[in-house]
Amino acid sequence: YAETVRKSGEALLTVINDILDFSKIEAGRLDIESFAFDLRLVLEDVIEMLEPKAEDRRIDLILQYAPQTPRHFVGDAGRVRQVVTNLVGNAIKFTDRGHVLLTVDCDASDGKTCRMRMAVTDTGVGIPKDKIAQLFEKFTQADTSTARRYGGTGLGLAICKQLVELMGGSIHVESTVAQGSQFWFTLP
């Protein structure tokens, strides 16, 4: 019973936080901060936080940070963490076997700035091609039975898209049913 109460509390907190973030974004009241941070440490924290969920599902959770990729940036580490947490959390939720892989690379660099690419690849259920276009819309899920089977409000990906765009980036997805998905975003 205690475990059910804990899980229910976490689910409710997630819904409340999603609605609050979405409301702030819609009202133009969400500020993007700009501070120095170590991207690799931020991502390692996300992996460490989500590792127990991956272990419960008996899937591998892997961070692959390319060796020559810069680590130190100026930006909003909290919002980057939020986007990555949502994408990796979704990947874990929709993967019954195999792995979830978070890769980080520098797509382009001029010596002072770098366009970072972070991709979350899973071996999960995948998404039908005709449902991909609506994934980033608010209160939308690829399958109407998804909320019943996996939980969620359909706000997470909409919030991710808006946060990435507020930070000057873009977000994308490719997927094959029964083989898995890859969500990736780039940020300057």
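Under this note's numbering, the first residue of the sequence shown is numbered 186, with each subsequent residue one higher. Glycine included, every Cβ here is placed at the ideal spot set by N, Cα and C.
message: Excluding the 5 residues flanking residue 238 on each side, which residues of the same chain have their C-beta closer than 6 angstroms to its C-beta?
response: 277
CA-to-CA distance, residue 280 to residue 189, given in whole angstroms: 22 angstroms
message: Give me the DSSP bridge partner(s) of residue 356.
response: BP columns for residue 356 point to 370.
Sufficient close CB pairs (3 or more, under 8 angstroms) joining the segment 303-317 to the segment 282-291: yes
task: Using three-state DSSP, classify residue 260 as helix, strand or coil.
output: strand
task: State the CB to CB distance for the pair residue 261 and residue 371, rounded to an integer number of angstroms; the pair is presumed to be in contact (CB under 8 angstroms).
output: Between residue 261 and residue 371 the beta-carbon gap is near 15 angstroms, outside 8 angstroms, which marks them as no contact.
message: I'd like the list of long-range same chain contacts for residue 236, defined as Cβ closer than 8 angstroms, with 5 residues on each side in sequence excluded.
response: Excluding five sequence positions before and after residue 236, the CB atoms of its chain that fall closer than 8 angstroms to its own CB belong to 246, given in chain order.
- request: Would you check if the distance between the CB atom of residue 362 and the CB atom of residue 313 is smaller than 8 angstroms?
  value: yes
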